[in-house]
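Right under this line is the structure:
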């Protein structure tokens, strides 16, 4: 079982106008996590990235919100992981997921990008698919032509309530994973919480 040494939240992070959009769910997750544990991010000039540290049970886990647009996330992650000598298999990447409704969130290890540009860029940069993902459901507009606009707009109030509950439950599952290094135990905890959707 691979232990987690770095957690990354994907999003479009070069422009504040994207902060509250569906595509920034990964970045917003890291913000929620850092607020819960009073984590301050520090600018690492040589990396041009802002880094936070989550300390649990003598484990120091790096938190990263890539200083890039979604499509270039892989480069930021590669630079930071290389600097800290962290292997891809020890990284958890958090991102939005069109195929899940708001209120659904699931762990995944390995596999393809599912059409997600951020994940696709990571796979391309590292030439490897073997890393952990936490996929936050944002729903689907129903028409493929509407996807680009959909992910770059904020969720509805009801969707956001479901997503907030999702994040709360998944942080607990994440802590189970970090403390025990037991991926299956974290999956079982998280996926048992996945049907509490507000209509």
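In the working numbering, the protein residues as written are 1 to 199. Positions of the beta carbon are idealized from the N, C-alpha and C atoms, including for glycine.
Checklist entry - Any chance the stretch 113 to 127 sits against the stretch 87 to 99, with 3 or more Cβ pairs inside 8 Å? => result yes
Item to check | Three-state secondary structure (DSSP) of residue 53 | outcome: Of the three classes helix, strand and coil, the one that applies to residue 53 here is strand, per DSSP.
Checklist entry - Rounded to whole angstroms, how far is the Cβ of residue 162 from the Cβ of residue 110, which I believe are closer than 8 Å? => result About 27 Å separates the two Cβ atoms, so there is no contact after all.
Checklist entry - Would you say residue 108 reaches chain B, if we count a Cβ-Cβ gap shorter than 7 Å as a contact? => result This model lacks chain B altogether; it includes just one protein chain.
Item to check | Three-pair Cβ contact test at 8 Å for the stretch 31 to 44 versus the stretch 131 to 143 | outcome: no
Next on the checklist: Counting beta carbon pairs with one atom in the stretch 42 to 58 and one in the stretch 182 to 192, are three or more of them shorter than 8 Å?
Outcome noted: no
Checklist entry - Is residue 84 helix, strand or coil when you go by DSSP? => result If DSSP states are grouped into helix, strand and coil, residue 84 belongs with coil.
Item to check | Residue from 63, 143, 27 with nearest C-alpha to residue 13 | outcome: 27
Next on the checklist: Between the alpha carbons of residue 22 and residue 167, how many angstroms are there, rounded?
Outcome noted: 14 Å
Checklist entry - Which one of 157, 107, 9, 176 has the shortest CA to CA distance from residue 68? => result Answer by Cα proximity: 9.
Checklist entry - When the distance is taken between beta carbons, is residue 71 closer than 7 Å to residue 117? => result yes
Checklist entry - Comparing alpha-carbon positions, which option in 57, 40, 15, 121 lies nearest residue 4? => result Residue 57 is the option with its Cα nearest to residue 4.
Item to check | alpha helix (DSSP H) segment containing residue 167, residue limits | outcome: 157 to 180
Next on the checklist: At 3 residues or longer, what runs of the beta strand (DSSP E) sit wholly inside the stretch 111 to 155?
Outcome noted: 132 to 137
Item to check | residue 66, buried or exposed, once every other Cβ within 10 Å from all chains shown has been counted against 16 | outcome: buried
Checklist entry - DSSP state of residue 9, grouped into three classes? => result strand
Checklist entry - Taking the beta strand (DSSP E) that residue 64 falls in, what are its first and last residues? => result 59 to 64
Next on the checklist: Measuring straight from C-alpha to C-alpha, what distance separates residue 153 and residue 17?
Outcome noted: For residue 153 and residue 17, the gap between their C-alpha atoms comes out near 10 Å.
Next on the checklist: Could you give the first and the last residue of the continuous alpha helix (DSSP H) run that contains residue 31?
Outcome noted: From DSSP, the alpha helix (DSSP H) with residue 31 extends over 25 to 36.
Next on the checklist: Restricting to Cα atoms, I'd like to know which of 20, 158, 115 is closest to residue 101.
Outcome noted: Of 20, 158, 115, the residue nearest in Cα terms is 158.
Item to check | Option nearest residue 147 by Cα separation, candidates 105, 184, 97 | outcome: With distances taken between Cα atoms, residue 147 lies closest to 97.
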